[in-house]
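Trainee: Handing you this structure, nothing more for now.
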Amino acid sequence: MQTIEVLDPRGALRVTEQPLANRNGKLARTRIGFLSNKKANATLLLQEIERLLHERFGDFEAIYGEKGAAVPVPPEFLAELETCSAVLTGMADCGSCTSWSLHDAVVLEGKGIPSVLLCTDEFAPLARAESVAKGMGGLPLAVIPHPLADNRPHEVRTKAERIADEIVAILTRDASELDAQYRPLYHRLAQTRLKQSATCVDDVCIADPSGGAVQPAA
Amino acid sequence: MSDARRIALDDDLDAIEDWFHEQGLTDGLPIVPPTSERVARMLAATDFEPSDELGLMGPKWGVATIETLAINAVMAGCTPAYFPVVIAAIQAMLEEKFNLYAVQATTHPCAPLVIVNGPLAAELGINARYNVFGQGFRANATIGRAIRLALINVGGGAPGVLDRATHGMPSKYSFCIAENEEENPWQPLHVERGFAPEVSTVTIGACENPHNLNDHISNTSDGILTMICSSIAAIGTNNAYLYGEPILCLGPEHASILARDGYDKTKIRRHLFEHARIPRVQWQSAGMFGMPGSGNNHFPDADALPMFRKPEYLMIIVAGGAGRHSVWLPTFGAGSRSVTRPIARRDGTPLRSTAEARRV
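From first to last, the protein sequence lines stand for chains A and B. Counted the way this note's numbering counts, the first sequence spans residues 26 to 243. Counted the way this note's numbering counts, the second sequence spans residues 3 to 362.
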């Protein structure tokens, strides 16, 4: 058969790779930022994580800020976050909030502030794809089972407990090790979903197929 | 000089369609194969260079070159004369304040609505009357579709991947109208926004599907405005908490009654700001109360909360045919602002006719 030549409608990509911020391994007696977009249970999850971080390495100063879900962090609070040793930002449990929380984390990492994006497993592939597009494909994601919004307080606490050690590691381990660990994660899920709907194959779901095994309080 | 990747396929229409679908490069409908000849004809309809870049389109941040947009316009079925409108619309939605990065990825069912004003709308046959948001008009259908294909192919808006709309909506296939300026008793949208009547413009807003506002009986502004207030004060829309610039699209018959009774856009806006409100008790008991930017910060003492933060944030247009209907288009919220731009040559000079844009 004869062939015909067609032109590719995809826009070219022009990605500038950015490394993660260096971690110096210390969090005790520093200042840690908690940035909430006020999605349901986002601030509670951050508060639970703060409590668990205090248990793990004692004193630090916690500063909290709020932002709109579909916009970047306001400049005045960004300046305050730049005085922190680390920042936790969330919640990435919808489309536009994932985009802009991820954007904030990438900006902070670029400014040398180790950051953690809190997201649900449902939106982790979106966060990963967007972090690749922004040139920071190894950005660490602390992933909990979706959804968070309808969880009762004890369920939020359980989800915080499951990621607390990982968050400590994200904020203290060597940046190149983190990049190598997180870069390959959450790709497969996105690719699977292109062909068939929603088969959960990323590490979080393999570890916990019930979606968190969060039990009601006795 | 073309930068686009060339792909050799079997010269069989079914095979070509299959390939584009399998690659995820369509909206699900058949496309017009973007051969070099068709793309060259599209590019000849503008004086932009093929390699000119309009910006990066999120969330994939693909480079929106004129050539890439021409390829998508061919696939959508645009005639070359429509291409300057596609270019202006993409320029508008790449302005930072439109926040395409969020509009593309959001779970909310919204899409960039293209509203065309000025003489080019009639020249190109962009429908402003009967079935204005519906099927049947090549310009509306294919200009809107070209934008959707660019959002998919350049911006990466694949459903469930980078486009996370929970439900989406039919308007995500195509969403392009003209304002019915002839039957608009007031200034058209672009004139209100500072352009001369003879300048043709596009205005982009991140809108939901149109919601109907039906009143076949009222012959006074009181009746029509009461119906509109009751219909738009809805707690389930983003605007109830996140504000932004929702759009009231009045049918010509409703607009005519309001004008006859002495209402202009300013007076309508003030009326709807005051009276289209959600009682505080209800507003605080549900949904998104307490979200940053929501009404509690702006109206701490109000007994009832408005649907837009200031009267002037309500956009009012006139479109549609005969019949006593209007439509309401809620939007994404204040995170995305509307943008109006002239349909222009490369140097920014507004086009009086699309023929002017052609290369000589």
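Even glycine gets a Cβ: it sits at the ideal position worked out from N, Cα and C.
(1) To which residues of the same chain is residue 151/B closer than 6 Å at the C-beta, ignoring the five residues directly before and after it?
(2) Taking residue 146/B as part of the alpha helix (DSSP H), name the residues at either end of that continuous run.
(3) So, at 7 Å on beta carbons, what are the nonlocal neighbours of residue 300/B in its own chain, with the 5 sequence-adjacent residues on each side left out?
(4) Leaving out five residues before and five after residue 243/A in sequence, what residues of the same chain have Cβ atoms less than 8 Å from its Cβ?
(5) Just the C-alpha distance for residue 125/B and residue 142/B, rounded to the nearest angstrom, thanks.
(6) Could you check whether residue 237/B and residue 285/B sit closer than 8 Å to each other, using their CB atoms as the reference points?
(7) Apart from the five residues just before and just after residue 19/B, which ones in its own chain have a Cβ nearer than 6 Å to its Cβ?
(8) Residue 337/B versus chain A: which residues are under 9 Å apart at the beta carbon?
(9) At a CB distance below 8 Å, what residues from the region 35-50 of chain B approach chain A? Give them in sequence order.
(10) Pick out the complete beta strand (DSSP E) segments inside the region 189-254 of chain B, 3 residues or longer, and give them in chain order.
(11) In chain A, which residues lie with their C-beta within 8 Å of the C-beta of residue 18/B?
(12) Give me the chain A residues within the contact set of residue 241/B, using Cβ-Cβ distance strictly less than 8 Å, ordered along the chain.
(13) Identify which residue in 68/A, 199/A and 27/A has its Cα closest to the Cα of residue 143/A.
(14) With a threshold of 6 Å on Cβ separation, who are the neighbours of residue 80/B within its own chain once the five nearest residues in sequence on each side are excluded?
(15) Within the chosen definition, does the region 52-63 of chain B reach the region 153-163 of chain B through at least 3 CB pairs nearer than 8 Å?
(16) Between residue 182/A and chain B, is the shortest Cβ-Cβ distance under 8 Å, so that the two count as touching?
(17) What does the alpha-carbon distance come out to for the pair residue 125/A and residue 265/B?
(18) Is it buried or exposed, residue 44/B, if we count other Cβ atoms within 10 angstroms and call 16 or more buried?
(19) Kindly indicate which three-state DSSP category residue 126/A falls into: helix, strand or coil?
(20) Just reading off the beta strand (DSSP E) that residue 47/B is part of, what are its end residues?
(21) Output yes if chain B places a C-beta closer than 8 Å to the C-beta of residue 70/A; else output no.
(22) Determine, using beta carbons only, whether residue 241/B and residue 333/B come nearer to each other than 8 Å.
(23) With a threshold of 7 Å, establish whether the CB of residue 48/A neighbours any heavy atom of the ligand ADP.
(24) Should residue 1/A and residue 57/A be called a contact, given that it needs their Cβ atoms to be closer than 8 Å?
(25) So, residue 120/A versus residue 113/B, is the Cβ gap smaller than 8 Å?
(26) Could you tell me how far apart the beta carbons of residue 174/A and residue 118/A are, in whole angstroms, since I believe they sit closer than 8 Å?
(27) Count the other C-beta atoms from every protein chain shown that fall within 10 angstroms of the C-beta of residue 49/B, then say buried if there are 16 or more, exposed otherwise.
(28) When the Cα atoms are used, what is the spatial distance from residue 66/A to residue 73/A?
(29) Is there a C-beta anywhere in chain B that falls below 8 Å from the one on residue 113/A?
(30) Using the beta-carbon of each residue, which ones in chain A are nearer than 7 Å to residue 10/B?
(31) Distance check for residue 338/B and residue 344/B, CA to CA, integer angstroms please.
(32) Going by other Cβ atoms of all chains shown within 10 Å of its Cβ, with 16 needed for buried, is residue 137/B buried or exposed?
(33) Could you name the residues that DSSP lists as bridge partners for residue 259/A?
(34) Out of curiosity, what's the CA-to-CA distance linking residue 46/B and residue 69/B?
(35) As an exercise, report each continuous alpha helix (DSSP H) stretch of at least 4 residues that is fully enclosed by the region 131-158 of chain A, in chain order.
(36) Please look up how many angstroms separate the CB atoms of residue 87/B and residue 118/B, rounded, as I've assumed it's under 8 Å.
Mentor: A quick look at the data gives this:
(1) 74, 77 and 78
(2) 140-155
(3) 311
(4) Its pLDDT being 32, under 50, residue 243/A is placed unreliably by the model, and nothing is read from it.
(5) The straight-line gap from Cα to Cα measures roughly 13 Å.
(6) yes
(7) 32
(8) Chain A residues near residue 337/B: 93, 94, 95, 96, 121 and 125.
(9) 35, 36, 37, 38 and 41
(10) 203-209, 213-216 and 249-252
(11) Neighbours of residue 18/B in chain A, taken as residues whose beta carbon is under 8 Å from its own, are 29 and 31 in chain order.
(12) Proximity of chain A to residue 241/B at the Cβ level (cut-off 8 Å) is not reached, the minimal Cβ distance being about 13 Å.
(13) 68/A
(14) 144 and 148
(15) yes
(16) no
(17) 41 Å
(18) buried
(19) helix
(20) No beta strand (DSSP E) holds residue 47/B; DSSP gives it neither H nor E.
(21) no
(22) yes
(23) Absence of the ligand ADP from the depicted structure is noted, as is the absence of any ligand whatsoever, leaving it without description.
(24) Nothing in the structure corresponds to residue 1/A, since chain A is present only between 26 and 243.
(25) It is not a contact, given that the beta carbons lie outside the stated cut-off.
(26) 7 Å
(27) buried
(28) So the two alpha carbons sit approximately 10 Å from each other.
(29) no
(30) 28 and 30
(31) 20 Å
(32) Burial check for residue 137/B: the Cβ neighbour count within 10 Å stays below 16, so the residue is exposed.
(33) Only positions 26 to 243 of chain A appear in this structure, which leaves residue 259/A out of reach.
(34) 11 Å
(35) For the region 131-158 of chain A, whole alpha helix (DSSP H) runs of length 4 or above, ordered along the chain, are 149-158.
(36) 6 Å
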